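Colleague: Chains as they are written, first to last, in the numbering used here: chain A, -9 to 118; chain B, -9 to 118.
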DNA sequence: CCGGATCCGATGTGATACTG
DNA sequence: CAGTATCACATCGGATCCGG
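1) Just how far apart, CA to CA, sit residue 47/A and residue 60/A?
2) Exposed or buried, which one is residue 38/B when buried takes at least 16 other CB atoms within 10 Å?
3) Within a Cβ cutoff of 8 Å, which residues of the same chain sit near residue 13/B, ignoring the five residues on either side of it in sequence?
4) How would you call residue 93/B, buried or exposed, if buried means at least 16 neighbouring beta carbons within 10 angstroms?
5) What are the residues in the stretch 16 to 32 of chain B lying within 9 Å of chain A by C-beta distance?
6) In chain B, what lies closer than 7 Å to residue 69/A by C-beta?
7) Suppose only complete runs of 4+ residues qualify. What are the alpha helix (DSSP H) ranges in the stretch 0 to 86 of chain B, listed by chain order?
8) Quick check: is the beta carbon of residue 0/A nearer than 8 Å to any beta carbon in chain B?
9) Within the 8 Å Cβ cut-off, does residue 134/A reach chain B?
10) What's the C-alpha gap between residue 80/A and residue 8/B?
11) For residue 111/B, which option in 73/A, 116/A, 82/A, 56/A has the closest C-alpha, if you only look at C-alpha atoms?
12) Report yes or no: is there a C-beta of chain B within less than 8 Å of the C-beta of residue 42/A?
13) Mapping the DSSP letters down to three states, classify residue 97/B as helix, strand or coil.
14) Relative to the C-alpha of residue 35/A, which residue among 76/A, 105/A, 104/A, 15/A is closest?
15) Quick one: Cα of residue -5/A to Cα of residue 24/A, how far?
16) Return the residues of the stretch 89 to 115 of chain A that lie within a Cβ-Cβ distance of less than 7 Å from chain B, sorted by chain order.
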């Protein structure tokens, strides 16, 4: 948690768009993962999620907050504004199931991609 | 499996739209569940999934087939056409994780709905 | 620093009608 | 029986610009 999140955390792994299993919207699973080991600031989350615009990140965070999976803590000080997001107990309880499906995807992503390629190739042949 | 699928199988339970966890598109998880105990014909699937139009059901089945999760078997006979869908080994391997997330939803759906209601009520107050 | 406002294309979902 | 064709609509994700 003390360490900042690496910028390439989701660059290669976790191709959410490719997985048949989704948690919340496009970015929700990554957000939960980022919060698994402690609270994070908005700008901290933007590092690994650098391909998402602020607006969309806000929308995802709001949706997770609405579901009671994360909580938002805002503190105003002379140094400026500080907003932190953290998992609620409910959000933490979702980490287990989330890891189960992530494990499944990691284990079978090759079969999945091969099946798609094969299917698309067969369709291509039929169209041609 | 020999028994037909009950028409109200998904009427109350499994409010997929309410769950933050999704498998494939809107109907994919229900389809996999229907196929868990054996192959089913297109028209058999339409019984529990009576709120989905043929076009959308076809699209869902195609998507699952593309991912290699189900297989499509077509046989033509004098009695007419017969198309059956069944889980592939890959599809069967997904049943475990699927049940894990379904269990989580069953266990926490009340907290989830309460959180949403509370959040929306607070937002309502702010707007007013 | 942490967003909101606005616009827009892509995608998902569905009703209705029709077909090999 | 097992789908297709067409049209319509809502939501999602993103680009861009703006604000406290």
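No residue lacks a Cβ here, since even glycine has one placed at the ideal position from N, Cα and C.
These numbers were taken from a predicted model, which means no experiment stands behind them.
Modeller: Reading from the atomic positions:
1) Taking the first residue of the first chain as position 1, residue 47/A is located at position 57. Taking the first residue of the first chain as position 1, residue 60/A is located at position 70. Answer to the nearest angstrom: the Cα atoms are 13 Å apart.
2) Here residue 38/B refers to the residue found at position 48 when the second chain is read from its first residue. Counting Cβ neighbours within 10 Å, residue 38/B comes out buried, since at least 16 surround it.
3) Mapped onto the second chain, residue 13/B falls at position 23. Contacts found: 19, 22, 84, 88, 91.
4) Within the second chain, residue 93/B is the residue found at index 103, counting from 1. Per the 10 Å Cβ criterion, exposed.
5) 18
6) Taking the first chain and counting its residues from 1, the one referred to as residue 69/A is at position 79. Correct list: empty, because the minimum Cβ distance to chain B is about 26 Å.
7) 18 to 25, 32 to 35, 44 to 56
8) As a working mapping, residue 0/A is identified with position 10 in the first chain. So no, residue 0/A is outside the interface.
9) Any question about residue 134/A goes unanswered here, given that chain A covers just -9 to 118.
10) To locate residue 80/A, count along the first chain from 1; it is residue 90. To locate residue 8/B, count along the second chain from 1; it is residue 18. Cα to Cα, residue 80/A sits roughly 16 Å from residue 8/B.
11) Numbered from 1 along the second chain, position 121 holds the residue referred to as residue 111/B. When only C-alpha atoms are compared, the closest one is 56/A.
12) Translated into the one-based positions of the first chain, residue 42/A becomes position 52. With 8 Å as the cut-off, residue 42/A does not count as an interface residue toward chain B.
13) One-based indexing of the second chain puts residue 97/B at position 107. The answer is helix: DSSP assigns residue 97/B an H, G or I state.
14) Counting from 1 along the first chain, the entry for residue 35/A is found at position 45. Of 76/A, 105/A, 104/A, 15/A, the residue nearest in Cα terms is 76/A.
15) Sequence index remark: in the first chain, residue -5/A carries index 5 (1-based). Sequence index remark: in the first chain, residue 24/A carries index 34 (1-based). Taking the straight line joining both Cα atoms gives about 8 Å.
16) 90, 91, 94, 98, 101, 102, 105, 106, 109
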